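Trainee:
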Amino acid sequence: MKTRKGYKVYPLTVAQKFHLYYQKFCPKKEVINIGTSLTIETDLDWNVLKESIYKAYERCDSMRLRFAQDKEGNYFQYVVEKEEREIEFVDFSDKSMEEAAAIMRSWTEVPFSHKDAPMNRIVMIQTSDGYKGVYLLVDHMTMDAQSLICFLRDIIEIYCNAMYEGVPYPKEMASYLEQLQKDLSYEEGCRAKDRDREFFKQLIESSEPIYNGIDGPGRLEAAREQSGNPKLRCAVNVSDSVDSNLDVFHLEEEPTQRLMSFCEEYHISLVCLLMMGIRTYFQKMNGNDDVSINTAIARRATLKEKKSGGTRIHSFPCRTIIPETKTFLEGIHEIRDRQNELFRHANYSPVEYFMQRTQTYHNDGGKTYEPMSLTYQPMTLQDKGLDKLGGIKYKTRWYPNGATTQAMYLTVMHRPEDNGLDFSFEHQVKAVSREQLEYLYYYLCKIMFKGTENPDLSIGEIMKLV
């Protein structure tokens, strides 16, 4: 049995290989960093907080992950027994909030070494607005947004248990290595994997998608002219620079609640409503009933998957062909059905899927059919932990790492202050401008509200009304 420093070693999963794959081709290695902060408007006992962080490390295997390479250059991973690094403390009291944010953004732009080294950094912080808490930086190969939030919530609950009467100690986290071995067993081959491969094969071969641009068909028409193929259906979506920015648009609490109430009434998820709004925007701008958007699937259906840490995101295109004559609600139901199909087969390798699609339609030069990716993050810290502290205010903030290999990636999350929605667009600055994003966000909201207020209107009528 192979070991490293006395610990059993394991191969990388498909989700980890995907992050490693695009990092290899990116000049900025920090492209797989995730930086966030959580601060609370109350005094904290720094010693108790430090001990809570160490206990959270003990309870979460994937926060103790290490990577190394063999002689052939293949990566493998192992989990060390404990994390003994000193937890840093930085006082931003004499800095403006903007200065503090800029410093934490600079921390987020420092890549980790994948050579037997820790793959995260925690700093206890206090800011000039009187809030105190932690900054957390992780490598995407070890954590995704859901597991990161789960880890932060664990720190809070451990701290609250130590400091406040009546707050129970949090239930155990799940084993990362147990879920890892299940994933590796699937990847080695099984009937489920065969069924998934056949599903995606049939999906790819059924017909070719078509690219829809944020401003309309201009990019596709240019690609057709350049290739000399007037029937070309794909286009290059990215720029020649991976430099990125993060632009965030805030939807207030009351309109957010209207969208959530609609979803509850019609038994649909918010991600389906968001997807319907986005695809209708592209349908309006490009005149195509056929729209394809990349969608992230968390692969955390069970409690063990939810609490096992690690990175479990797989991403596949959600392609729908919905004529303008169908109603807004019928369109949402079609998206829901397509999403449910993808969920059932989501353990399959996205890299294999995209390679097979490229080979099937002989696409070259990085051409794609999807103008953007969407992630909806339903998990919030409000579910457990801070809701027991009598209305103490807290803030979360995400910090861009300054690089992305995608033209545009939208993450939608709930704000802790009021449960309104934040629309965070990470985008290549040379591929998509803030003005284009403002236009998209404006019409996305108009479409969603017009559609939820009039779900029996046809898509064509809604596009005319907005």
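If you use this note's numbering, the sequence shown corresponds to residues 20 to 485, in order.
Yeah, the Cβ is synthetic: ideal placement off N, Cα and C, and Gly gets one too.
Note that the coordinates shown come from a computational prediction; the quantities given were computed from them, not determined experimentally.
#1: Identify whether Leu440 lies in helix, strand or coil by the three-state DSSP scheme.
#2: For Leu348, which residues of its own chain have a beta-carbon under 6 Å away from its beta-carbon, when the five flanking residues on both sides are left out?
#3: Which residues share a DSSP beta bridge with His429?
#4: Cutting at 7 Å between CB atoms, please list the residues of its own chain near Phe362, excluding the five before and the five after it.
#5: Tell me the DSSP secondary structure of Gly152 in three-state form.
#6: Can you list, in chain order, the residues of its chain whose CB lies under 7 Å from that of Met116, leaving out five sequence neighbours each side?
#7: Check each candidate in Arg214, Val157 and Leu456 and name the one with the smallest Cα separation from Gly328.
#8: If you measure between the beta carbons of Arg83 and Tyr76, is that distance less than 9 Å?
#9: Quick one: what's got a C-beta closer than 6 Å to Lys469's C-beta in the same chain, skipping five residues either side?
#10: Assuming Tyr380 and Glu227 are in contact, meaning their beta carbons sit under 8 Å apart, how far apart are those beta carbons, in whole angstroms?
#11: Shortest alpha-carbon distance to Met143 belongs to which of Gly92, Ala211 and Asp62?
#12: Given a cut-off of 9 Å, decide if Gln378 and Ile341 are closer than it, judged by their beta-carbon atoms.
#13: Near Tyr418, which residues of its chain fall below 6 Å by C-beta distance, leaving aside the five closest residues on each side in sequence?
#14: Tell me whether Thr314 sits in a helix, a strand or coil according to DSSP, three-state version.
#15: Out of Arg319, Asp135, Arg277 and Ala119, which one is the CA nearest neighbour of Val98?
#16: From Asn366 to Asp113, what does the alpha carbon distance come to, in whole angstroms?
#17: Once the 5 residues before and after Gly404 are set aside, which same chain residues still bring their CB inside 6 Å of it?
#18: In the DSSP assignment, what are the bridge partners of Ala422?
#19: Roughly how many whole angstroms lie between the Cα atoms of Lys69 and Glu91?
#20: Please report how far the alpha carbon of Leu476 lies from the alpha carbon of Met279, in whole angstroms.
#21: Helix, strand or coil for Pro336 per DSSP?
#22: Quick one: using the 10 Å Cβ neighbour count with 16 as the cut-off for buried, is Val129 buried or exposed?
#23: Please say whether Val153 and Thr58 have beta carbons closer to each other than 9 Å?
#24: Would the beta-carbon of Glu445 fall within 9 Å of that of Met427?
#25: In the DSSP assignment, find the unbroken alpha helix (DSSP H) run with Phe362 in it and report its ends.
#26: What residues match up with Ile141 in a beta bridge as DSSP calls it?
#27: With a threshold of 8 Å, are at least 3 pairs of Cβ atoms found where one atom belongs to the stretch 321-337 and the other to the stretch 31-51?
#28: What are the residues that DSSP puts in a beta bridge with Leu57?
#29: Quick check: what's the CA-CA separation for Arg104 versus Tyr94?
#30: Quick one: grab the DSSP three-state call for Arg23.
#31: Beta strand (DSSP E) containing Glu84: first to last residue?
#32: In angstroms, rounded to a whole number, what distance separates the CA positions of Val28 and His133?
#33: With distances taken between CB atoms, is the gap from Gly247 to Leu239 smaller than 9 Å?
#34: DSSP on His38, reduced to helix/strand/coil?
#35: Just to check my reading of the structure: Asp45 and Val261 have Cβ atoms closer than 8 Å, yes? What is that Cβ distance to the nearest angstrom?
Mentor: Quick answer:
#1: strand
#2: The answer, listed in chain order, is Pro474.
#3: Here residue 429 turns out to be Leu, not His, going by the sequence shown. Bridge partners of Leu429: Leu393 and Phe444.
#4: Closer than 7 Å at Cβ, skipping near neighbours: Ile316.
#5: strand
#6: Thr146, Ser147 and Asp148
#7: Val157
#8: yes
#9: Ile481, Leu484 and Val485
#10: 5 Å
#11: Asp62
#12: no
#13: Within the same chain, Tyr418 has close Cβ partners Gly54, Met123, Arg124 and Thr127.
#14: In this structure, Thr314 counts as strand in the three-state DSSP scheme.
#15: Asp135
#16: 48 Å
#17: Reliability fails at Gly404, whose pLDDT of 48 lies under 50, so the model's placement of it is uncertain and the value that follows must be treated cautiously. Excluding residues within five positions, the ones whose Cβ falls inside 6 Å are Arg172, Ile175 and Glu176.
#18: Answer by DSSP bridge pairing, in chain order: Asp262.
#19: 40 Å
#20: 20 Å
#21: strand
#22: exposed
#23: yes
#24: yes
#25: Phe347 to Arg363
#26: Leu155
#27: Yes: the two stretches touch, three or more of their Cβ pairs being nearer than 8 Å.
#28: Val153 and Thr415
#29: 24 Å
#30: strand
#31: Per the sequence shown, the amino acid found at residue 84 is Leu instead of Glu. From DSSP, the beta strand (DSSP E) with Leu84 extends over Leu84 to Gln88.
#32: 14 Å
#33: no
#34: helix
#35: For the sequence presented, residue 45 should be read as Cys rather than Asp. Their Cβ separation, rounded to whole angstroms, is 5 Å, which keeps Cys45 and Val261 in contact under 8 Å.
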